[in-house]
Structure formats: C-alpha cells, structure tokens
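Here is the structure we will look at.
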Amino acid sequence: MANTAPSGRSGPADPATTKVAQPYFIDQRKGEVNELRQLLRNINVERDPKRKRDIIKKVIAYMTLGIDVSRLFTEMILAIETKDLVVKKMVYLYLCNYAHQKPDMAIMAINTLLRDCSNEDPMVRGLALRSLSSLRLPDVVDYVMEPLKRSLSDAAGYVRQAAVVGVLKLHRLAPGALAAQGGFVEALYGLLRDPEPQVVTNCLCVLNEMLGAGAGLARNRAVVLHLLRRLGDFDEWGLAQILSLVAGYAPADDAERFGLMNLLDPVLRTANAGVALAAVRCFLALTEGAADLRPQVYERVRAPLLTLAAGAGPELAWCLLRHVGALVDKAPGVFDADYRLFYTRYDEPAPVKQVKIGLLAKVANAATMGEIAAELGEHVADVDARLARRALRAIGRIAERLP
Numbered sequence: 015m016a017n018t019a020p021s022g023r024s025g026p027a028d029p030a031t032t033k034v035a036q037p038y039f040i041d042q043r044k045g046e047v048n049e050l051r052q053l054l055r056n057i058n059v060e061r062d063p064k065r066k067r068d069i070i071k072k073v074i075a076y077m078t079l080g081i082d083v084s085r086l087f088t089e090m091i092l093a094i095e096t097k098d099l100v101v102k103k104m105v106y107l108y109l110c111n112y113a114h115q116k117p118d119m120a121i122m123a124i125n126t127l128l129r130d131c132s133n134e135d136p137m138v139r140g141l142a143l144r145s146l147s148s149l150r151l152p153d154v155v156d157y158v159m160e161p162l163k164r165s166l167s168d169a170a171g172y173v174r175q176a177a178v179v180g181v182l183k184l185h186r187l188a189p190g191a192l193a194a195q196g197g198f199v200e201a202l203y204g205l206l207r208d209p210e211p212q213v214v215t216n217c218l219c220v221l222n223e224m225l226g227a228g229a230g231l232a233r234n235r236a237v238v239l240h241l242l243r244r245l246g247d248f249d250e251w252g253l254a255q256i257l258s259l260v261a262g263y264a265p266a267d268d269a270e271r272f273g274l275m276n277l278l279d280p281v282l283r284t285a286n287a288g289v290a291l292a293a294v295r296c297f298l299a300l301t302e303g304a305a306d307l308r309p310q311v312y313e314r315v316r317a318p319l320l321t322l323a324a325g326a327g328p329e330l331a332w333c334l335l336r337h338v339g340a341l342v343d344k345a346p347g348v349f350d351a352d353y354r355l356f357y358t359r360y361d362e363p364a365p366v367k368q369v370k371i372g373l374l375a376k377v378a379n380a381a382t383m384g385e386i387a388a389e390l391g392e393h394v395a396d397v398d399a400r401l402a403r404r405a406l407r408a409i410g411r412i413a414e415r416l417p
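If you read the sequence shown in this note's numbering, its first letter stands for residue 15, the second for the next number, and so on.
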C-alpha cells in the first residue's frame with residue numbers, strides 16, 4: 015500500500031500552482047484623493063451645501079499640507095458655480111494654486127470669473143478680480159485688462175484694493191502689455207487721493223515698484239500735503255509708505271519745510287519703531303540743505319529714540335541703538351547727557367552690550383569720562399572675551415579723544 019501523508023500535514027507546495035502573496039504598497043493619500051473625487055461627483059453631495067462645503071474644505075486642507083490634489087481640478091472647476099461665498103473663495107484659492115499646472119483647463123473658469131467681476135456683491139467682485147489677476151497665465155492677460163481698469167473706479171473700497179494689487183500682478187506677468195494698454199499709471203496716481211487708506215497704501219507700493227526702474231514715483235507738493243494731513247487714517251504699514259514718499263520730497267523754502275515738519279511731529283510719538291525711524295529719516299531729509307536747523311532736529315528726535323530703545327526687545331533695541339550711534343557720529347554732544355541709558359544690564363545679550371559699550375565711548379566728555387571709564391572697567395574682566403576686548407578699546411578711545 016502506498017504511504018499517504020498525514021491529514022494534519024501538507025507536502026511541499028507546487029510553485030506552479032501556488033499563488034505567492036506579493037508585497038504591495040497602497041498610497042493612502044492617493045486613495046483619499048480618489049475618495050474626494052467620488053464625493054464631489056456624487057449627486058447627493060451636490061444637493062447638500064453643508065456637506066459639499068466640508069468636502070471642499072478638506073481638499074483645501076490637503077492642498078495646504080502639500081498633498082497634490084491637482085487631479086480634482088475638473089471637479090473643483092465645476093464647483094465654482096455657487097452662491098456660497100465660502101465655497102467660492104476656497105475654489106478660487108484652489109484655482110490660483112493649480113492654474114499653472116493645468117492652463118488649458120483653467121481657461122474653463124474664465125467666463126465665471128469675468129461674470130463674477132460684475133456681480134452686485136462687492137465681496138464677490140473683489141474676490142473674482144483678485145483670483146483672475148492671480149492666475150499667472152499669459153493667455154489670460156487680455157481677459158484681465160478690461161475688468162481691471164473698470165474696477166479701479168469701483169464704488170467699493172475692497173474692489174479698488176484688489177484692482178490696485180491686480181495692476182502690479184499684471185505688470186509682473188506682462189509689463190509690455192500693460193504699458194501698451196495705457197492709463198493704469200495715471201489711474202493709480204489719481205487713487206492717491208482715495209478716501210480708503212488701504213487703497214492709498216496699495217497705490218504707493220505698486221507705483222514704487224512699477225516706476226522704480228525709471229524716474230520713480232513723482233512727488234509733488236499737493237500730494238505730499240494731502241497724505242500728511244491724513245496720517246491719522248493710516249496703519250503702521252501705510253505710515254511707513256507715506257514717510258518713504260515724504261523723505262524723497264524737496265521743500266521749496268523754509269516755510270514749507272517747517273510746515274511739513276509740524277505735520278510730521280506727531281508721528282515721532284508712535285509706539286512703532288519702524289514708523290518712528292522713518293519719521294526721523296524724513297526730518298533729516300527735509301533739513302538736508304538747512305544746516306542751522308539740524309541741531310534742533312537732533313534734539314527733537316533724541317527723546318523718542320531713547321524711549322523706544324529702553325522699552326524694546328533685544329533685537330529691536332540693537333537696531334535702535336545702532337541708529338542712535340549714527341546720529342551721535344553726525345551730532346556729537348546731543349546724547350552726552352543720556353550716557354547712563356547706555357549702561358549695560360546683566361540680562362542683555364552680548365550684541366546689545368557691545369553696541370552700548372561703543373556708544374559710551376562716543377558720548378563720554380570731560381565731565382563724565384571718569385564715571386564711564388569706571389563702568390567700562392567692570393567689563394574688562396568679563397567672561398566674554400570679545401566683550402572684554404570691546405571695553406578695553408572703548409577706554410582707549412576715551413583716553414585718546416579726551417585730554
């Protein structure tokens with residue numbers, strides 16, 4: 015009788031008939047994107063606005079995480095036809111992000127964007143214009159021109175803001191086409207008198223970039239005075255832009271110079287260091303040709319700069335103290351009485367201490383040199399070798415400069 019294998023065992027497997035389980039890798043994210051595609055195509059989802067919004071929100075979340083969801087382009091374009099402003103905003107964001115990857119399909123959304131540029135809701139108009147000018151597609155330039163120019167005179171400030179920034183985007187994409195169309199630069203100059211502060215700020219930024227390669231932004235007395243009289247309407251970023259404009263303006267006479275400085279004087283009391291430094295720059299620029307006024311200007315800007323430096327964090331304090339050092343070089347003696355403000359504190363970082371030590375060497379005079387030298391002597395044995403060397407050099411400079 016032939017031997018048979020026990021029922022609990024099996025003989026060697028036949029490779030010809032046995033299926034070997036091959037290892038495989040399933041891209042979970044790819045599966046999730048495909049699932050989102052099916053949901054966007056589902057008719058039941060189309061009938062449920064809240065569920066549709068949640069799905070599109072998930073698409074945008076994936077996009078912001080760096081997951082490629084460009085395969086959903088067709089489905090997202092179809093979702094653009096909606097009255098839900100939140101959904102429309104998310105779809106426009108998706109469109110602007112992936113339009114350069116699928117330019118042929120992005121053209122499908124142009125008609126909807128153009129139609130929304132004439133929507134009765136200013137939020138929709140501004141959103142559509144912003145998205146239309148953000149597509150970064152050369153083929154779209156001709157479509158953008160007309161709604162962009164029309165929106166520069168829109169009744170809503172939000173739309174005008176978007177239009178001004180849209181001009182800059184178009185300038186970066188196709189500067190030749192923008193120049194050939196004409197009228198945009200003139201319109202932007204007109205908007206410098208716009209009642210909306212943000213529109214004016216945007217115009218200053220855009221004109222500075224567009225005209226920077228040439229003669230630059232034109233500065234005339236009427237515009238400068240108009241902007242200075244409205245300083246209270248602007249935020250810190252707007253103030254910085256206006257002060258940059260004023261710094262390049264040359265007053266005709268002393269009367270105009272004093273008038274401009276009187277308008278600028280309240281800005282020195284701001285708590286924003288960047289704005290205060292921009293105001294200081296304006297004062298120095300306006301008195302460039304009036305050496306007799308410079309001592310008064312140095313005295314006026316002294317207290318605001320020292321106040322800001324005393325209450326600022328290490329990084330900002332370092333920057334402000336460096337500016338103080340530049341003023342000390344231009345006007346020796348102005349900061350001499352404030353030498354105690356330049357004494358170092360134990361908890362300050364080394365860069366701030368080094369700047370202060372350098373300032374102490376500059377502001378020392380015959381009356382204060384002994385006290386300042388004693389203060390510097392405390393740092394000679396500092397564990398920070400670089401700081402110790404800086405203190406020794408400062409003492410040497412004082413001895414060399416003063417008898």
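The beta-carbon is built from N, C-alpha and C at its ideal position, and this holds for glycine as well.
- Residue 296 carries a helical assignment under DSSP once its states are collapsed to helix, strand and coil.
- Residue 414 sits in a helix when the DSSP states are folded into three classes.
- In the three-state scheme derived from DSSP, where H, G and I count as helix and E and B as strand, residue 60 is classed as helix.
- With the rule of 3 Cβ pairs closer than 8 Å, the segment 62-75 counts as touching the segment 86-100.
- Taking the CA atoms as reference points, residue 384 sits about 10 Å from residue 413.
- Contact annotation, residue 213 with residue 205: C-beta distance approximately 6 Å; criterion of less than 8 Å satisfied.
- Secondary structure remark: continuous alpha helix (DSSP H) runs of at least 4 residues inside the segment 303-342, in chain order: 308-325.
- Distance between residue 177 and residue 153, taken at the CA atoms: about 19 Å.
- In the displayed model, residue 114 falls within coil according to three-state DSSP, outside both helix and strand.
- The three-state reading of DSSP puts residue 248 in coil, since its state is none of H, G, I, E or B.
- For residue 347, no alpha helix (DSSP H) encloses it, and the DSSP letter there is neither H nor E.
- Between the alpha carbons of residue 115 and residue 398 lies a distance of about 55 Å.
- In this structure, the straight-line span from the alpha carbon of residue 322 to that of residue 331 is close to 8 Å.
- Pairing residue 388 with residue 235, the inter-Cα distance amounts to about 52 Å.
- DSSP places residue 153 within a helical segment (H, G or I) once states are collapsed to three.
- Counting only runs of at least 4 residues, the segment 121-199 fully encloses the following alpha helix (DSSP H) elements, listed from N- to C-terminal order: 124-130, 136-146, 155-165, 171-187 and 189-195.
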